[in-house]
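Notes for the one structure printed next.
Residue numbers (my numbering): 19 to 241.
This is the structure we're talking about:
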């Protein structure tokens, strides 16, 4: 297999197929094992699944990463330390301090609301996998000469639209709207972070991870 996919439609279609394949693998495994919250109930299994997907796409699209490393501002070590330390602090100090959720509805509690520390291992690897795909798309847009504004619009529409499929899981409208808006906004700033900001990949990862931490925290006070 070639190390890169220079044709933009092919690259975009492959990214969409791989992203969808990861989601289908999660739901397929969860269904086969009778799980309602796979990340929480089988964190090692799903961490391995997401890690395998991440390593696979890193290999397939290694040309995109090499090209990105040549054109992006150089990364620094301290943002990585900050993001890693922040994630650990939330998991081991923040989570235990959150109040219990007062869930008074017949609807199924969203998986993130029910999450404890083990949940965030596969979730972190899922975010890594998704970030690799996002960089791949951004570099495809960059190769084709798209300006940052068009990249932002395209990525925002793509990832916001993808999150509308949450309706297929029976999630409530507010949950779907929240995640769709967040995905649209985060994807829209990714081209600028990845191509223009020093350590932009780390900041993009941190913002992505922090969204789940904030949403988890708010759910304990509003749930």
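All C-beta atoms in this analysis are idealised placements derived from N, C-alpha and C, irrespective of residue type, glycine included.
Exposed or buried, residue i, counting other C-beta atoms within 10 Å across all chains shown (16 or more means buried)?
i           : result
residue 128 : buried
residue 122 : exposed
residue 72  : buried
residue 192 : exposed
residue 134 : exposed
residue 46  : exposed
residue 20  : Low confidence applies to residue 20: its pLDDT is 42, below 50, so where it sits in the model is not reliable enough to give any reading.
residue 152 : buried
residue 140 : buried
Can you tell me the Cα-Cα spacing of residue i and residue j, whole angstroms?
i           : j           : result
residue 217 : residue 93  : 4 Å
residue 40  : residue 109 : 24 Å
residue 238 : residue 120 : 8 Å
residue 205 : residue 223 : 11 Å
residue 199 : residue 232 : 15 Å
residue 30  : residue 131 : 32 Å
residue 60  : residue 163 : 43 Å
residue 96  : residue 50  : 42 Å
residue 169 : residue 104 : 29 Å
residue 112 : residue 106 : 9 Å
residue 137 : residue 235 : 14 Å
residue 208 : residue 87  : 15 Å
residue 57  : residue 115 : 21 Å
residue 70  : residue 64  : 10 Å
Could you give the DSSP three-state label for residue i: helix, strand or coil?
i           : result
residue 117 : coil
residue 55  : coil
residue 233 : helix
residue 162 : coil
residue 8   : With the chain running from 19 to 241 in the structure shown, residue 8 is simply not present.
residue 94  : coil
residue 182 : helix
Given residue i, which residues of its chain have a CB within under 8 Å of its CB, disregarding the five upstream and five downstream residues?
i           : result
residue 148 : 37, 226
residue 117 : 238, 239
Among the residues of its own chain, which have a CB less than 7 Å from the CB of residue i, if the five just before and after it don't count?
i           : result
residue 197 : 181, 184
residue 90  : 212, 213, 218
residue 43  : 67
residue 22  : Unreliable placement is indicated for residue 22, whose pLDDT of 49 sits below 50; the coordinate value is still reported in the next sentence. Counting only Cβ-Cβ distances below 7 Å, and skipping sequence neighbours, we find 79, 81, 82.
residue 244 : Within the shown structure, residues of the chain are numbered from 19 to 241, placing residue 244 beyond reach of any answer.
Just to confirm my understanding: we take residue i, look at its own chain, exclude 5 residues before and 5 after, and list those with CB closer than 6 Å. What are they?
i           : result
residue 195 : none
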